[in-house]
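Chains as they are written, first to last, in our numbering: chain A, 266 to 789; chain B, 249 to 678.
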Amino acid sequence: MSLTGDTSNSLNSSQKLASFLGLAGLFILVLSNFNLNFPHRSLWLLFSLSAIGIGIIWFAQATYSNKTEGIKNDGVWFKSISARGLLAWITALSLTGFYIVLYFYPQFLGLNAEGENTGIVAFFDPLSRLLSGNPASQWFVYGTLYTIAIFSFGIKFIWKYRHNRYERLRTFSVMFFQLGFAFLIPEFMQRLNTENFSLPYYDLKNIWPLNYYNFEQYRVDDFISAGDIGIAMLIFGVISIFVITPILTYKFGKRWYCSWVCGCGGLAETAGDSFRHLSDKSQSAWEIERWVVHSVVVFVVLMTTAVIYSYLREDGKYWLNRNTFLIGVAVLLTAVFALVMIFKKNEFKKDAKFGAVGYLAIILSLIGFHYFSGNGNVFLFEAEKLRVFYGFLIGAIFSGVIGTGFYPIFGSRVWCRFGCPMAAILGFQQRLFSRFRITTNGGQCISCGNCSTYCEMGIDVRAYAQKGENIVRSSCVGCGICSAVCPRGVLKLENDTMDGRINANEILLGNDVNLMDLLNQKQN
Amino acid sequence: MEHIVIIGNGISGITAARHIRKNSDKQITVISAESDYFFSRTALMYVYMGHMKWDHLKPYEDWFWEKNRIALKNAIVSKVSPENNLLTFSDGETMSYDILIIASGSSYNKFGWPGQDLLGVQGMVTKQDLELLEENTKTCKKAVIVGGGLIGSELAEMLSTRNIPVTFLVRESSFWNGVLPEGESEIINKHIKEHHIDLRLNSSLREILSDENGRARAVIIEETGEEIACDLVGLTAGVSPNISFLKDSGINLGRGVKVNRSLQTNFENIFAIGDCAEQHEAIDERRPIEAVWYTGRMMGEVVAQTICGNPMEYKPGHWFNSAKFFDIEYQTYGWVFAKPREGEAHFHWQHTDAKKCITINYAENNGKFIGINTFGIRMRHEVFDKWLTEERSVEFVIAHLKQANFDPEFYDTYENEIKKAFQNHQPVAQ
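Structural data, given as structure tokens:
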């Protein structure tokens with residue numbers, strides 16, 4: 266124990282050693298990229314990755330094992346790394362740099378499509394050959410590091426919230442889906458490929474529109490030419506978004522995906538946990554969020570429509586041709602819109618209504634243009650150019666460079682909140698057709714603000730809780746941290762009936778019964 | 249236009265202002281010298297512990313007040329003159345009002361201990377107290393906290409996150425046992441010690457000793473005469489209403505500002521709400537002065553109705569409250585007293601981990617459910633409020649406890665264990 270008052274910044278000796286071990290592992294990776302000739306490459310790779318993983322887990326052990334079970338956010342806003350200090354900026358810039366190289370200059374990582382890999386990609390070749398039988402790519406390097414991050418920071422998270430079974434189970438879940446579905450299964454699937462049988466690389470839990478390229482021509486061709494398995498996977502891809510997703514979201518809210526299954530969510534919840542409090546809670550940020558994320562939805566729908574349209578035939582051998590496809594898209598969108606307007610008109614706030622009408626008009630008119638433009642042109646763009654632009658702007662810059670690179674500055678869920686079209690679609694349903702809500706416990710809220718501070722999605726949870734109102738927000742990913750950090754037991758994530766889910770009251774439970782009746786009924 | 253002036257921008261005053269704005273177009277001014285904007289006093293501790301920053305304590309963004317035409321004034325009211333509806337500020341400036349709401353809150357008690365005004369001696373109630381604590385703990389090697397209640401436990405937790413050794417003097421024979429039944433108080437004793445706090449029961453303060461610079465250097469314990477060296481003394485033995493500025497105003501004062509059930513003082517256009525208001529007679533089992541977050545809020549809700557032409561009495565519903573002692577959450581619904589009163593009995597269940605327990609208070613003759621305390625298990629306010637209104641029996645409550653559970657999903661539940669314990673339970677009469 267130190268003799269001075271403020272020691273919350275300093276690391277204990279185990280934490281220091283653990284950090285050193287982790288950084289040593291990272292350093293080996295950096296060295297490998299400078300083509301340092303490591304003898305026994307596989308052993309060095311094993312050592313490096315283990316050092317990173319064990320370093321993180323050891324750090325967690327040194328941080329939490331000597332503390333009692335409970336919420337331990339002590340010093341979060343004093344530490345350089347978690348309070349936008351110098352360390353945070355250094356980390357953000359390094360991560361951003363890494364993403365830029367990863368997406369746009371993989372040759373600097375040693376990727377060589379023509380011949381032998383060099384650098385860090387070559388360093389990972391032994392592991393890649395072990396799993397899929399193929400040499401590594403920059404994406405394999407990234408996937409491995411990503412999985413290690415989710416795993417080791419996942420253990421840290423479980424340690425931190427060891428008193429909370431919801432958090433533990435949720436974290437086991439994201440670790441499982443990352444390791445199995447995102448990492449191992451697609452690699453093993455490559456082993457099935459032969460000269461005349463080839464499945465595309467497919468992370469089955471990565472659903473369109475998050476997986477914006479899922480229905481591109483080369484993938485669909487692969488699926489179809491791979492026979493029954495391929496067709497089954499293609500059908501799975503379609504029903505994932507149109508059948509499975511709506512059912513699960515109705516029952517559990519979008520959390521079933523965003524904080525239990527999704528890989529982006531998985532990283533945010535584990536490696537990103539130390540940055541969750543950095544999200545912007547202002548009303549203006551919420552305004553921007555709604556415009557940006559819904560614009561991305563429109564963009565991805567248009568882009569995908571255009572891409573599929575471009576490779577469909579005018580008449581073709583299938584029933585699905587250009588005309589039926591476009592009509593299908595239009596009918597689907599109109600049906601969704603009509604359902605909302607008929608059943609949920611009141612819950613649809615004014616501005617959202619304008620937005621929806623506007624966007625619907627755009628989509629329908631673009632489809633109209635489409636009829637006239639032909640030849641794979643959407644309005645003015647070529648479908649392929651639209652796709653490349655989407656991949657660059659949304660897939661790379663938004664989700665990677667900004668979304669993850671700036672964890673230490675903007676918080677862990679920037680991509681999920683402002684950019685992810687999947688989250689927006691699930692959120693739209695969560696707001697209107699779901700049993701999920703965060704229940705506020707009567708009049709117990711003391712407006713302390715822990716819930717809002719630690720909401721990674723930037724929801725001002727307190728604004729609802731202090732009014733005794735349940736939280737029904739499209740952006741809520743159901744991470745459960747607001748409920749965990751609440752010192753008065755005010756918040757509970759639960760699935761219940763749709764009736765009374767949104768309960769705006771003027772007066773909270775606990776006051777004069779007559780007054781509550783008078784005012785709360787007047788309102789309804 | 250009627251000018252409503254509110255002294256104090258805490259939860260009571262701000263709730264009143266918000267509801268008056270909702271229901272009327274009156275001119276509203278809120279006066280405070282503590283902070284420019286409303287903040288959550290209950291969360292001051294989290295700023296010190298680094299869980300939050302100051303801005304997170306503000307439940308409304310700064311633009312909110314102008315948008316809702318609630319004028320904020322940073323000033324100290326030094327005098328109220330009811331005969332000409334005038335406030336005088338400490339700089340001599342004045343302001344007139346049509347209706348005055350006093351919501352001046354409370355500050356920590358000093359019971360005349362020798363040395364209580366030394367440097368390094370402080371309470372933990374206001375924003376200024378928080379700032380002073382930062383200053384006082386820059387070089388603090390050892391702290392003593394005097395007075396075992398919620399604030400004392402919070403201050404102990406705050407200091408322990410900065411690795412400052414704490415000795416905690418509690419006058420009672422067990423922590424907060426004037427309020428908590430024995431089993432619960434015992435759990436908190438253990439839990440406080442688990443956090444390496446040197447908890448001294450049956451110990452009160454005799455005096456605080458000064459060093460040559462007028463700074464606290466040690467305290468002496470009344471019961472044992474023991475001297476404990478320290479450079480910070482936290483005074484957390486309760487709070488009292490801030491009413492000194494009303495001394496010669498003609499407004500009836502007791503320990504607080506005396507109000508009737510409409511929260512009105514002896515002047516028709518002056519009201520008092522929140523921590524500083526004192527009922528002529530206590531309502532139900534409540535205390536005449538309720539220094540609780542939500543009662544302040546409820547008084548604000550009620551007074552706003554009265555002022556907006558819908559006269560209302562302050563009629564709080566069933567008692568409830570909550571707190572957190574280090575890692576252990578506490579909730580209470582209805583009335584549970586430290587010892588069962590005449591004709592009442594307690595049923596107490598405790599988990600083997602000694603971190604969860606419940607105590608149910610019920611009537612011996614007919615088994616009527618009177619109240620429940622829970623530690624480490626969250627309960628649903630709505631359900632207990634309903635059961636209390638319906639005057640359910642203790643058997644009913646035990647049988648339906650599951651409905652009231654508010655713990656996060658997948659948590660272990662203890663209803664069956666509690667049921668079994670209840671079947672084997674011998675009433676603990678007083």
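Glycine included, every Cβ here is placed at the ideal spot set by N, Cα and C.
> Of the residues A:K281, A:F312, A:S284, A:A283, which one's Cα is nearest the Cα of A:L294?
Replying inline: Taking the first sequence and counting its residues from 1, one reaches residue 294 of chain A at position 29. Checked all of A:K281, A:F312, A:S284, A:A283; the closest Cα to A:L294 is A:F312.
> Are the beta-carbon atoms belonging to A:V566 and A:I509 less than 8 Å from one another?
Replying inline: Sequence index remark: in the first sequence, residue 566 of chain A carries index 301 (1-based). Sequence index remark: in the first sequence, residue 509 of chain A carries index 244 (1-based). With respect to the 8 Å criterion, A:V566 and A:I509 are not classified as neighbours on the basis of their beta carbons.
> Grouping DSSP H, G and I as helix and E and B as strand, with all else coil, what is B:H673?
Replying inline: Within the second sequence, numbered from 1, the residue matching residue 673 of chain B stands at position 425. Three-state DSSP puts B:H673 in coil, outside helix and strand.
> Where does A:T269 fall in DSSP's three states?
Replying inline: If you number the first sequence from 1, residue 269 of chain A lands on position 4. Because the pLDDT at A:T269 is just 37, under 50, the model does not fix this residue reliably, and the value given afterwards should be weighed accordingly. Collapsing the DSSP output to three states places A:T269 in coil.
> When we look at the beta-carbon of A:G287 and count the other beta-carbons within 10 Å, is it buried (16 or more) or exposed?
Replying inline: Here residue 287 of chain A refers to the residue found at position 22 when the first sequence is read from its first residue. Counting every other CB atom within 10 Å of its CB across the protein chains shown gives A:G287 a total of 16 or more, marking it as buried.
> Is the beta carbon of B:N357 within less than 7 Å of some heavy atom of the ligand PLP?
Replying inline: With respect to small molecules bound, the structure shown includes none, and the ligand PLP cannot be examined in it.
>> Quick check: what's the CA-CA separation for A:W354 versus A:G375?
In response: Indexing the first sequence from 1 puts residue 354 of chain A at position 89. Indexing the first sequence from 1 puts residue 375 of chain A at position 110. If you draw a straight line from the Cα of A:W354 to the Cα of A:G375, it comes to about 27 Å.
>> Please tell me whether B:I499 and B:P330 are closer than 8 Å, where the distance is taken between their beta carbons.
In response: Residue mapping note: residue 499 of chain B aligns to position 251 of the second sequence, counting from 1. Residue mapping note: residue 330 of chain B aligns to position 82 of the second sequence, counting from 1. Yes, these two residues count as a Cβ contact at 8 Å.
> Does the beta carbon of A:I674 sit closer than 8 Å to a beta carbon anywhere in chain B?
Replying inline: Within the first sequence, the letter at position 409 stands for residue 674 of chain A. Contact of A:I674 with chain B is not assigned, every C-beta pair being separated by 8 Å or more.
>> Helix, strand or coil, according to DSSP, for B:D446 in the structure here?
In response: For the purposes of this step, residue 446 of chain B is taken as the residue at position 198 of the second sequence. Correct three-state label for B:D446: strand.
>> Can you give me the C-alpha to C-alpha distance between B:T622 and A:L469, rounded to a whole angstrom?
In response: One-based indexing of the second sequence puts residue 622 of chain B at position 374. One-based indexing of the first sequence puts residue 469 of chain A at position 204. Straight-line Cα distance between these residues: approximately 45 Å.
> Do the segment 692 to 707 of chain A and the segment 751 to 762 of chain A meet, that is, are 3 or more Cβ pairs less than 8 Å apart?
Replying inline: As far as the Cβ criterion goes, the segment 692 to 707 of chain A touches the segment 751 to 762 of chain A, which means the pair count is three or higher.
> Going straight from the alpha carbon of B:Y581 to that of B:M627, what length do you get?
Replying inline: Here the question's residue 581 of chain B lines up with position 333 in the second sequence. Here the question's residue 627 of chain B lines up with position 379 in the second sequence. If you take the alpha carbons of B:Y581 and B:M627, they lie about 9 Å apart.
> Do you know offhand how far A:I573's Cα is from A:S463's?
Replying inline: Numbered from 1 along the first sequence, position 308 holds the residue referred to as residue 573 of chain A. Numbered from 1 along the first sequence, position 198 holds the residue referred to as residue 463 of chain A. In this structure, the straight-line span from the alpha carbon of A:I573 to that of A:S463 is close to 21 Å.
> Applying a beta-carbon distance threshold of less than 8 Å, which residues of chain A neighbour B:V550?
Replying inline: The residue labelled residue 550 of chain B in the question sits at position 302 within the second sequence. The answer, in chain order, is N776, D777, L780.
>> Tell me the rounded alpha-carbon separation between B:V611 and B:G591.
In response: Your numbering for residue 611 of chain B matches position 363 in the second sequence. Your numbering for residue 591 of chain B matches position 343 in the second sequence. The residue you asked about is not Val; residue 611 of chain B is Ala in the sequence shown. C-alpha separation (whole angstroms): 6 Å.
>> I need the DSSP call for A:N586, collapsed to helix, strand or coil.
In response: Locating residue 586 of chain A in the first sequence gives position 321, counting from the first residue. DSSP places A:N586 outside both helix and strand once states are collapsed to three, so it counts as coil.
> Could you give the residue range of the alpha helix (DSSP H) that holds B:N271?
Replying inline: For the purposes of this step, residue 271 of chain B is taken as residue 23 along the second sequence, with counting starting at 1. Unbroken alpha helix (DSSP H) run through B:N271: 259 to 271.
> Could one say the Cβ of A:R555 lies closer than 8 Å to chain B's Cβ atoms, at least one of them?
Replying inline: Locating residue 555 of chain A in the first sequence gives position 290, where the first residue counts as 1. No - not a single Cβ of chain B is within 8 Å of the one on A:R555.
>> Does chain A have any CB closer than 8 Å to the CB of B:M343?
In response: Translated into positions along the second sequence, residue 343 of chain B becomes position 95. At a cut-off of 8 Å, the C-beta of B:M343 has no neighbouring C-beta in chain A.
> What is the rounded straight-line gap between the Cα of B:F670 and the Cα of B:L417?
Replying inline: The residue labelled residue 670 of chain B in the question sits at position 422 within the second sequence. The residue labelled residue 417 of chain B in the question sits at position 169 within the second sequence. Rounded to the nearest angstrom, the two C-alpha atoms are 36 Å apart.
>> If the criterion is Cβ atoms closer than 8 Å, does the pair A:C713 and B:T484 meet it?
In response: One-based indexing of the first sequence puts residue 713 of chain A at position 448. One-based indexing of the second sequence puts residue 484 of chain B at position 236. With contacts defined as CB atoms closer than 8 Å, A:C713 and B:T484 fail to qualify as a contacting pair.
>> Starting from B:H251, trace the alpha helix (DSSP H) in both directions and tell me its first and last residue.
In response: Start at 1 with the first residue of the second sequence, and residue 251 of chain B comes out as number 3. Counting along the chain, B:H251 sits inside no alpha helix (DSSP H); it lies in the beta strand (DSSP E) bounded by residues 251 to 255.
> Can a CB atom of chain A be found closer than 8 Å to the CB of B:K301?
Replying inline: Stepping through the second sequence from its first residue, residue 301 of chain B is reached at position 53. So, interface residue.
> Name the chain B residues that come within less than 8 Å of A:D339, Cβ to Cβ?
Replying inline: In the first sequence, counting from the first residue as 1, residue 339 of chain A sits at position 74. Within 8 Å Cβ-Cβ: M297, G298, H299, T409.
>> Is A:R430 close to chain B? Criterion is C-beta to C-beta, closer than 8 Å.
In response: As a first step, residue 430 of chain A must be located in the first sequence, where it is residue number 165. At a cut-off of 8 Å between beta carbons, A:R430 contacts chain B.
> What is the DSSP secondary structure of A:Y368, counted as helix, strand or coil?
Replying inline: Within the first sequence, residue 368 of chain A is the residue found at index 103, counting from 1. In the displayed model, A:Y368 falls within a helix according to three-state DSSP.
> Is it true that the segment 249 to 260 of chain B meets the segment 269 to 280 of chain B, where meeting means three or more beta-carbon pairs spaced less than 8 Å apart?
Replying inline: A contact exists between the segment 249 to 260 of chain B and the segment 269 to 280 of chain B.
> If you measure from the beta carbon of A:R702 to each beta carbon in chain B, is any gap under 8 Å?
Replying inline: As a first step, residue 702 of chain A must be located in the first sequence, where it is residue number 437. No, because no Cβ of chain B sits closer than 8 Å to the Cβ of A:R702.
>> Could you compute how far the alpha carbon of B:K572 sits from the alpha carbon of B:Y578?
In response: Translated into the one-based positions of the second sequence, residue 572 of chain B becomes position 324. Translated into the one-based positions of the second sequence, residue 578 of chain B becomes position 330. For B:K572 and B:Y578, the gap between their C-alpha atoms comes out near 6 Å.
> Below 8 Å, can you find three or more Cβ-Cβ pairs linking the segment 673 to 690 of chain A to the segment 473 to 487 of chain A?
Replying inline: Segments in contact, yes.
> To the nearest angstrom, how far is it from the Cα of A:D538 to the Cα of A:W323?
Replying inline: On the first sequence, residue 538 of chain A is found 273 positions in, with the first residue counted as 1. On the first sequence, residue 323 of chain A is found 58 positions in, with the first residue counted as 1. Their Cα atoms are separated by approximately 17 Å.
> Since A:L282 is in the alpha helix (DSSP H), which residue starts that stretch and which ends it?
Replying inline: Your numbering for residue 282 of chain A matches position 17 in the first sequence. In this chain, the alpha helix (DSSP H) harbouring A:L282 covers 278 to 298.
> Helix or strand or just coil, what does DSSP make of A:I472?
Replying inline: As a first step, residue 472 of chain A is located in the first sequence; it is residue number 207 there, counting from the start. Shown here, A:I472 sits in coil according to DSSP, grouped into three states, outside any helix or strand.
> Does the beta-carbon of B:I608 have 16 or more other beta-carbons within 10 angstroms, so that it is buried, or is it exposed?
Replying inline: Within the second sequence, residue 608 of chain B is the residue found at index 360, counting from 1. Burial call: buried.
>> Looking at chain B, is there any beta carbon in it that lies within less than 8 Å of the beta carbon of A:N277?
In response: Against the first sequence, residue 277 of chain A aligns to sequence position 12. Taking Cβ atoms only, chain B never reaches closer than 8 Å to A:N277, which makes this a no.
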